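These notes concern the structure reproduced below.
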Amino acid sequence: MPEINDILSGKALAGARAIRLIEENDPKAFELLKQLYPHSGNSFIIGITGSPGVGKSTLIDSLIVEFRKLDKKIAVIAVDPSSPVSGGAILGDRVRMQKHATDKNVFIRSMASRGEKGGLARTTKDAAIVFDAMGYEIIIIETVGAGQTQFDIKDLAHSIGIVTNPGAGDGIQTVKAGILETGDIFIVNKSDKPDCEQTFQQLNMMLNMKAGSKTNTATSSKTSSKITWTPKILKTNAQTGDGVKELADTFLEHFDFMGKSTALTTKQKEMENSYFNALLKDLTINKIVEFIKTSDKYRAVLKKIQSREIDPLSAAQLLTDTIIKI
Ligand SMILES: Nc1nc2c(ncn2[C@@H]2O[C@H](COP(=O)(O)OP(=O)(O)OP(=O)(O)O)[C@@H](O)[C@H]2O)c(=O)[nH]1
Ligand SMILES: [Mg+2]
């Protein structure tokens with residue numbers, strides 16, 4: 010098990026060991042995280058999300074350049090990078106972000122889905138705690154898609170950048186996936202491609218419509234005077250770095266904005282709640298199943314399934330309804 014002090018003093022090897030324990034779902038990781046948690050809560054966590062192949066990794070690579078100019082220590086967690094579009098896979102991401110491989114102030118880690126226990130969201134959160142405790146000022150999480158599960162990028166990051174590309178339909182898709190609500194900064198990447206301006210305008214219109222509908226409902230309530238962040242839209246070329254400085258500045262501006270209002274504290278609380286709920290789910294589920302299995306009812310129902318008196322689906326329903334009555 011890595012030394013806690015080595016992690017806290019930012020030693021890369023100790024950090025890498027901790028992340029490995031998390032990935033392997035080693036019980037030692039749980040104990041380690043308990044000790045690290047009090048030292049976390051200082052990083053600015055950015056989520057970069059968008060469809061496969063929109064250029065998230067390339068953009069992050071360019072963002073690192075900008076953040077390094079500001080002397081920030083950065084960690085990147087690339088979540089489940091397995092898109093078929095770009096050839097996917099962990100190796101691809103490492104290659105794309107390789108120019109920072111020798112910079113000791115940059116830590117890039119890919120994490121693959123294990124499809125078990127709280128899934129990738131919890132593993133990602135665990136890894137973010139390690140990087141946070143190690144003293145990385147900025148943590149960037151790259152994920153494909155947002156708003157699809159109960160515990161996802163909005164529960165992991167303070168600020169969310171949604172990446173799209175120029176071209177018909179992509180803006181519409183964004184809305185369809187219901188992620189318009191989730192984004193703090195919208196990025197039209199691959200600005201070298203045709204129709205960039207059109208996609209920009211399309212997004213702009215959609216965001217204005219959303220803002221308009223919100224204002225209408227807010228005027229009748231006392232919250233109308235509450236200062237809120239207006240989502241920004243930016244155009245970038247991740248390959249040349251065009252517009253990426255503005256993007257880095259906008260992320261920092263958003264963080265600053267949150268810190269000056271109640272938004273940051275509210276967000277932190279939401280993030281903690283989600284993590285706690287995910288942990289609770291993971292820890293209780295096995296216990297409950299084990300408990301149910303010791304009951305006479307379980308045995309009786311099992312017999313009925315075997316004699317085909319009842320189907321397993323109705324049986325599962327019946328059992329959970331009768332045993333768990335809170
Ligand atoms: N023309 C152009 N190509 C770009 C730009 N940004 C990225 N690309 C290319 O788009 C392809 C996909 O880029 P990635 O950075 O791997 O995209 P991604 O969103 O991380 O992909 P996944 O992680 O697989 O979902 C690569 O071939 C990049 O070189 C850009 O601004 N302009
Ligand atoms: Mg990628």
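According to the working numbering, the sequence shown is numbered sequentially starting from 10.
The C-beta atom is built at its ideal place from N, Cα and C for all residues, glycine as well.
Keep in mind that this is a model prediction, so the values were computed, not measured.
- Query: So which of Asn-51, Ser-52, Val-253, Lys-81 has the shortest CA-CA distance to Ile-69?
  - Reply: Start at 1 with the first residue of the sequence shown, and residue 69 comes out as number 60. Sorting Asn-51, Ser-52, Val-253, Lys-81 by C-alpha distance to the C-alpha of Ile-69 places Val-253 at the top.
- If you compare alpha carbons, which of Lys-199, Pro-203, Ile-194 is closest to Leu-212? Reading the sequence shown from its first residue, position 203 is the one you call residue 212. With distances taken between Cα atoms, Leu-212 lies closest to Ile-194.
- Item | Meets three-Cβ-pair contact criterion under 8 Å: the stretch 258-278 and the stretch 201-218 | Between the stretch 258-278 and the stretch 201-218, the count of Cβ pairs shorter than 8 Å is below three; the stretches do not touch.
- In the DSSP assignment, find the unbroken beta strand (DSSP E) run with Ile-332 in it and report its ends. On the sequence shown, position 323 is the one that residue 332 refers to. Premise fails: Ile-332 lies in the alpha helix (DSSP H), 321-332, not in any beta strand (DSSP E).
- Item | Three-state class that DSSP yields for Ala-166 in the structure shown | In the sequence shown, residue 166 corresponds to position 157, counting from 1. Residue state, collapsed to three classes: coil.
- Looking at Lys-65 and ligand 2, is the gap between the Cβ and the nearest heavy atom below 6 Å? Residue numbering aside, residue 65 sits at position 56 when the sequence shown is read from its first letter. At least one heavy atom of ligand 2 is nearer than 6 Å to the Cβ of Lys-65, so yes.
- Message: Rounding to the nearest angstrom, what Cα-Cα distance links Ser-52 and Gln-277 in this structure?
- Response: Residue mapping note: residue 52 aligns to position 43 of the sequence shown, counting from 1. Residue mapping note: residue 277 aligns to position 268 of the sequence shown, counting from 1. For Ser-52 and Gln-277, the distance between alpha carbons rounds to 11 Å.
- Message: Check this for me: beta carbons of Ala-142 and Leu-45, under 7 Å apart or not?
- Response: Residue 142 sits at position 133 when you count from the first residue of the sequence shown. Residue 45 sits at position 36 when you count from the first residue of the sequence shown. Pairing Ala-142 with Leu-45 gives a Cβ-Cβ distance under 7 Å.
- Item | Coil, strand or helix - Asn-246 by DSSP | As a working note, residue 246 is residue 237 in the sequence shown. Correct three-state label for Asn-246: strand.
- Bridge-paired residues (DSSP) for Ala-220: Here residue 220 corresponds to residue number 211 of the sequence shown, with the count starting at 1. The bridge partners DSSP lists for Ala-220 come to none.
- Message: So for Ser-200, helix, strand or coil by DSSP?
- Response: Within the sequence shown, residue 200 is the residue found at index 191, counting from 1. Coil at Ser-200, not helix or strand.
- Task: Return helix, strand or coil for Ile-194, following the three-state DSSP convention.
- Result: Residue numbering aside, residue 194 sits at position 185 when the sequence shown is read from its first letter. DSSP places Ile-194 in strand when its eight states are reduced to three.
- Name the residue from Val-63, Arg-131, Lys-113, Ser-119 whose alpha carbon lies nearest to the alpha carbon of Tyr-284. As a first step, residue 284 is located in the sequence shown; it is residue number 275 there, counting from the start. Considering only alpha carbons, the answer is Arg-131.
- Delimiting residues of the alpha helix (DSSP H) encompassing Thr-121: Here residue 121 refers to the residue found at position 112 of the sequence shown. Reading off the sequence shown, one finds Ala at residue 121, where the question assumed Thr. For Ala-121, there is no enclosing alpha helix (DSSP H), as DSSP marks it with neither H nor E.
- Query: By a C-beta neighbour count over all protein chains shown, 10 Å radius and 16 as the cutoff for buried, is Ala-27 buried or exposed?
  - Reply: In the sequence shown, residue 27 corresponds to position 18, counting from 1. Buried is the call here.
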